[in-house]
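Trainee: If you count by my numbering, then the sequence shown holds residues 294 to 481, one letter each, in order.
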Amino acid sequence: MNIVDSVHALLFVASEPVDLRQLAQCLGASEGQVEQALEVLQRNLNREGPIELVRIAGGYQLCTRREFTDLIANFLRPQRNRLSRSLLEVLAIVAYRQPITVGEIDRIRGVQSDYSVRSLVDRRLIHEVGRKPAPGRPVLYGTTAEFLHQFHLDSLEELPPVERGGSLLDAVLSEGAEARLPMDDLVS
């Protein structure tokens with residue numbers, strides 16, 4: 294059993310991105326050896342097939358290639374949870390302005406956002422990151438690793454710049470975001 298096959302097997306069964314340190318620790322190998330194995334695995338996967346090795350949220354994960362997105366979306370359509378335009382709007386605000394309170398989101402949107410925030414928490418796209426040192430100590434929200442995973446981002450620095458559109462929602466719905474995640478499948 295070689296290290297490349299071992300890394301491949303571990304990433305195949307992992308439901309979330311696995312970081313270099315975890316892989317090295319599990320395999321009893323150095324991080325350098327695991328990095329070399331990841332490079333070999335990447336080259337092997339790049340030759341052919343529907344699977345690619347992707348760096349997401351500071352870790353590595355096996356994912357299907359983008360050219361299979363439509364096929365997979367059609368196959369999974371009945372199971373897919375869609376995000377409404379209002380949920381995408383709240384998600385964009387949290388992504389760009391985090392940490393942020395529900396009250397601050399309400400002020401930006403001009404409408405109440407409690408339901409949207411609860412729905413995004415239930416979908417594990419945002420979570421509580423602390424409390425604001427203000428009267429009432431309101432909850433502060435931020436995005437999760439699941440958010441990074443769903444939008445195929447390694448970090449928040451990969452979010453499209455706000456200047457692209459005129460609003461936060463436009464930035465999320467810009468060409469770059471659509472290329473990563475088909476918005477037709479998310480907006481109901």
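Backbone N, C-alpha and C define an ideal beta-carbon position, used for all residues, glycine too.
Does DSSP put V404 in a helix, a strand or coil?
Mentor: V404: coil per DSSP, three-state reduction.
Trainee: Using DSSP with H/G/I as helix, E/B as strand and the rest coil, what is L452?
Mentor: Here L452 sits in coil by DSSP.
Trainee: By alpha-carbon positions, which one of V306, L338, V395 ends up nearest to G429?
Mentor: When only C-alpha atoms are compared, the closest one is V395.
Trainee: Should A388 go down as buried or exposed, given a rule of 16 or more other Cβ atoms within 10 Å for buried?
Mentor: Buried: at least 16 other Cβ atoms inside 10 Å.
Trainee: Is Q443 buried or exposed, if buried means 16 or more other CB atoms sit within 10 Å of its CB?
Mentor: Under this definition Q443 is a buried residue.
Trainee: Hey, how far is the Cα of R457 from the Cα of L441?
Mentor: Note that R457 scores 48 on pLDDT, short of 50, meaning its location in the model is unreliable; the coordinates nonetheless yield the value given after this. Using only the alpha carbons, I get a separation of about 20 angstroms.
Trainee: Are G351 and D415 close, meaning C-beta to C-beta below 8 angstroms?
Mentor: In this structure, D415 does not lie closer than 8 angstroms to G351 by Cβ.
Trainee: Judging by CA-CA distance, which residue of P343, L376, H420, L313 is the nearest neighbour of Q391?
Mentor: Ranking P343, L376, H420, L313 by Cα distance to Q391 puts H420 first.
Trainee: In whole angstroms, give me the CA-to-CA distance for R336 and L380.
Mentor: If I take the Cα positions, the gap works out to 38 angstroms.
Trainee: Which value, in whole angstroms, describes the spacing of the CA atoms of V422 and V432?
Mentor: Distance between the alpha carbons of V422 and V432: 8 angstroms.
Trainee: What residue from Y353, I393, Q326 has the CA that sits closest to P426's CA?
Mentor: For the residues Y353, I393, Q326, the minimum Cα distance to P426 belongs to I393.
Trainee: Considering just the uninterrupted stretch of the beta strand (DSSP E) at G423, what are its terminal residues?
Mentor: Unbroken beta strand (DSSP E) run through G423: 419–424.
Trainee: Out of Q354, E382, H301, Y408, point me to the one whose CA is closest to E309's CA.
Mentor: Selected option, being the one with the closest Cα: Q354.
Trainee: Could you tell me the alpha carbon to alpha carbon distance between Q326 and G403, rounded to whole angstroms?
Mentor: Their Cα atoms are separated by approximately 53 angstroms.
Trainee: Hey, out of F305, A330, V306, D298, whose CA is closest to L313's CA?
Mentor: Considering only alpha carbons, the answer is A330.
Trainee: Specify, as a first and last residue, the run of the beta strand (DSSP E) that I349 falls within.
Mentor: Per DSSP, I349 belongs to the beta strand (DSSP E) from 344–349.
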